[in-house]
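Below you'll find the structure, written out as structure tokens, and then a few comments.
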Amino acid sequence: MGKPYSEELLRINNTYHWALDVEIENLEDYTNVLCEKPLFIIGSGGSSSACALFTLYHQEQGLIASDITPLELQYSKKAVNKNSNVAFISASGKNSDILLAFDTAVSLEPNFIFSLILKKNSPLANKSKKYSISKILDFDNPAGQDGFLATNSLVAYFTLVSRIYNDKPSLSNLIPDNDFIRSVISFTDQLYEEFTIVVLYGGWGKPVAIDLESKFSESGIGNVLLSDYRNFGHGRHNWFDKKKIQSAIVAIISKDEEEIAQKTLDLLPSEIPKLLIKSEEKMGNASLELLVKSFYLVKEVGKTKGIDPGRPGVPPYGSSLYNLKYSKLFRENAGTSAKLKNAVMRKYGNLGFLDDEKSFLLWKDAYERFRKKINSTKFRGIFLDYDGTLCSAEERFVAPRVEIIEKLNFFLSQGIVIGIVTGRGKSVRVELQKFVEKKYWQNLIIGYYNGAQISSLENNSMPIKDNSEPLFHEIEKTLLAEPLVSEYINIDIRQGQVTVIVKDKKESKIVKSVLLDLLYNKFKFRIQILESSHSIDIISANTSKNLIFDYCDEHFGLGFSYLCIGDRGKYPGNDYQLLSNEFSLSVDKVSNDPHSCWNLASKGIKCVEATLEYFNAITPVEKSLFKIKF
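Next up, the structure:
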């Protein structure tokens with residue numbers, strides 16, 4: 255089992271240059287979504303060091319991140335929720351631990367699940383494709399599968415992770431020079447037969463330290479203890495006093511750790527063998543250079559032990575341990591229906607409600623009341639958001655997918671009223687007229703600019719893009735006068751609305767915060783500021799998506815109920831008013847109101863896929879009316 259380790263090292267540079275140049279579609283989109291939330295990075299064995307690098311990069315963005323094993327995820331379920339993201343790193347995408355962890359993550363419904371896999375069409379990738387909250391980056395590594403230890407896969411991971419965080423490595427060659435190789439050989443010649451190496455690290459050397467411990471342990475070539483430079487000073491140094499003859503030090507040093515490393519090493523006994531694995535680089539460049547240098551230490555120690563680290567031999571019980579199945583140990587209470595759990599978890603925020611019987615019963619009752627009410631009502635029409643509900647971000651500048659188009663035309667053919675209330679203007683009418691049959695146009699109502707203008711699809715004179723309203727010019731002037739906002743945004747004034755798009759997604763959070771405070775402090779009760787999936791919409795205090803109810807009452811008669819569907823039901827989402835109505839369903843974010851805005855989609859499904867689930871639950875019952883069943 256495995257491959258000769260020395261042969262794997264010969265492929266390092268080729269793997270590196272492949273990972274540098276391989277095309278990654280939608281890379282900026284992945285980066286932006288990952289950097290919206292705290293992140294859990296999950297991997298096993300050799301992938302652990304790549305997970306640690308992922309953590310460092312995420313923390314560099316000013317965000318919380320934690321690299322954990324698949325088993326640790328089972329004990330972190332309450333921490334993983336809609337306010338966090340999850341990333342998986344797996345070379346093959348097929349081991350049982352990573353597959354169980356993925357299933358667990360999906361059931362917890364974080365904001366986003368991302369998988370980085372070095373094997374096309376893996377079981378993990380196939381699972382991921384089933385869920386709209388999950389996206390994958392998968393490649394076939396040209397170096398092929400690693401031997402027993404992770405080598406080329408790690409070089410690829412370190413390079414790709416750096417690229418994900420816009421820090422593309424700039425090293426031209428990863429193979430260490432002869433002076434370093436000689437220092438490694440000299441170091442290994444000094445090692446006691448049953449040695450223990452203490453690996454000291456800091457900052458961007460941590461992923462390399464983790465990998466060294468993993469390789470020494472997995473190949474059985476020696477003992478390794480890990481410590482950062484300062485934690486070492488809290489008692490761990492005493493190891494050398496008691497075990498001096500059989501001990502050695504490996505110091506991992508990037509540009510940032512030079513001084514603290516030297517101060518630490520100067521205080522240690524001179525007779526203890528020391529190897530300095532150094533890089534003059536910083537951040538990801540340093541981690542990558544140090545990683546490959548550490549591979550050569552593993553190679554030389556393997557030689558002295560008579561063990562090829564790439565194929566050390568695996569006992570029968572090792573394979574049994576690797577393939578151990580344990581999912582039954584974490585199986586959830588079968589007495590709670592998955593639909594109930596998913597729906598309440600979205601309202602509550604995490605699985606904590608399951609631990610409190612009173613809380614569980616109260617939320618269960620609210621869920622059952624809502625479900626019973628919506629199941630028993632006959633509806634005259636459906637009021638829908640557009641972006642994020644009828645079309646995804648990828649579909650925003652083209653037509654919605656075929657399944658959505660077919661459903662809308664079917665509903666209209668049954669006399670069902672369709673209302674689309676959006677922050678957009680003319681572009682929505684133009685798109686809808688392309689795929690909605692013309693004979694139904696009078697029954698499709700559009701609320702432009704978040705309800706500021708309302709008319710049927712057949713009215714080509716709408717919307718009116720009249721930007722003469724003084725309030726909105728005053729808003730524009732205020733935004734343009736503040737460089738902390740104006741430097742990062744594009745502004746478009748329409749009748750009844752100012753639309754702001756943040757150009758630099760990395761600055762999106764702080765720009766939005768400054769904008770909100772700036773405008774609310776100046777305009778107070780005169781405006782509303784709402785967020786859609788792609789923009790910030792500033793509308794007058796009197797504008798509302800709910801104005802479509804008045805329009806339809808006037809044109810289709812009083813006394814009817816309408817089903818409302820949107821993706822941003824929690825304030826300041828631009829659907830929060832629409833989804834505050836009693837018969838309202840979210841396909842993504844929900845409010846905490848127990849009487850409205852429930853998300854009843856299947857686990858891991860959101861946005862357009864959730865809308866299709868709702869559409870498939872609809873049955874026309876008599877002329878121009880329908881029911882929905884959950």
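Here the sequence shown is numbered in the numbering used here, starting from 255 and rising by one per residue. Just so you know, even glycine gets a beta-carbon here, dropped at the ideal spot from N, CA and C. Computed from a predicted structure; not experimentally measured.
Length of the line joining the Cα atoms of residue i and residue j
i, j, result
"K348", "N485", "37 Å"
"N713", "W852", "33 Å"
"V244", "V752", "This structure does not reach residue 244, given that the chain is present from 255 up to 884, and the question cannot be answered."
"N406", "N286", "27 Å"
"R780", "I793", "9 Å"
"E836", "H849", "6 Å"
"S613", "Q328", "23 Å"
"D829", "E534", "52 Å"
"F664", "G673", "14 Å"
"L480", "S838", "54 Å"
"S302", "F494", "28 Å"
"L605", "S834", "24 Å"
"E691", "A620", "40 Å"
"G572", "R625", "50 Å"
"V862", "Y868", "10 Å"
"P461", "K374", "26 Å"
"Y550", "S344", "23 Å"
"C818", "F726", "29 Å"
"F637", "V675", "7 Å"
"Q399", "K661", "45 Å"
"L772", "D610", "41 Å"
"Y259", "L545", "15 Å"
"L370", "K627", "43 Å"
"H491", "V504", "14 Å"
"L378", "F356", "8 Å"
"K553", "D562", "8 Å"
"R265", "A397", "7 Å"
"F308", "R650", "30 Å"
"K881", "P874", "6 Å"
"E261", "L362", "42 Å"
"G820", "A855", "12 Å"
"Y602", "N365", "15 Å"
"K416", "K469", "One point to set straight first is that residue 416 is Ser, not Lys, in the sequence displayed. Their backbone Cα atoms lie some 22 Å apart in a straight line."
CA nearest to the CA of residue i, picked from the options
i, options, result
"L529", "H488, K381, D639 and L445", "L445"
"K384", "D421, V360 and P324", "V360"
"Y483", "F651, D510, G474 and I514", "I514"
"G945", "N629, I531, P570 and G476", "In this structure the chain extends from 255 to 884, so residue 945 is not present and cannot be described."
"Y774", "G489, K860, N267 and A795", "A795"
"V568", "E863, A306 and G474", "G474"
"G538", "L551, K553 and V409", "V409"
"L616", "S762, L594, I636 and K496", "L594"
"L403", "G300, E282 and T590", "G300"
"S787", "G750, D639 and G256", "D639"
"N267", "K547, E448 and Q749", "K547"
"G858", "Y284, T442 and N339", "N339"
"L686", "V754, L644, S667 and D842", "L644"
"Y805", "V671, T323, K688 and K469", "V671"
"K582", "L263, L325 and L519", "L325"
"S350", "S501, W458 and K381", "K381"
"E314", "T732, R683, G457 and I506", "G457"
Cutoff 9 Å: residue i Cβ touching any chain D Cβ
i, result
"S681", "You won't find chain D in this structure, because it holds only one protein chain."
Whole-Å CB distance - residue i paired with residue j, under 8 Å assumed
i, j, result
"C305", "G297", "4 Å"
"N721", "K799", "At roughly 21 Å, the Cβ-Cβ gap does not stay under 8 Å, so N721 and K799 are not in contact."
"K509", "K536", "5 Å"
"S376", "S346", "6 Å"
"G669", "S878", "3 Å"
"I367", "I352", "Actually they are not in contact, since the Cβ atoms of I367 and I352 sit about 12 Å apart, beyond 8 Å."
Beta-ladder partner(s) of residue i, from DSSP
i, result
"K389", "F368"
"D321", "I295"
"L638", "I674 and I819"
"I266", "None, per the DSSP bridge assignment."
"D482", "Y455"
"P874", "F880"
"K528", "I503"
"I343", "L370"
"S840", "G820"
Residue i Cβ short of 8 Å to the ligand NAD heavy atom set
i, result
"Y694", "Absence of the ligand NAD from the depicted structure is noted, as is the absence of any ligand whatsoever, leaving it without description."
- Any beta strand (DSSP E) of 3 or more consecutive residues that is wholly inside the region 746 to 833: Along the length of the region 746 to 833, whole beta strand (DSSP E) runs at least 3 residues long occupy 751 to 756, 781 to 785, 790 to 794 and 816 to 822, reported in chain order.
- Message: Please give the ranges of any beta strand (DSSP E) in the region 673 to 747, keeping only runs that are unbroken, at least 3 residues long and fully inside the region.
- Response: 698 to 702 and 707 to 710
- Report the residue ranges of all alpha helix (DSSP H) runs contained in full by the region 419 to 451; include only those spanning at least 4 residues, in chain order. Taking only runs of at least 4 residues, the alpha helix (DSSP H) segments lying wholly in the region 419 to 451 are 432 to 443.
- Please go through the region 561 to 640 and give each complete beta strand (DSSP E) segment of 3 or more residues, from N-terminal end onward. 635 to 638
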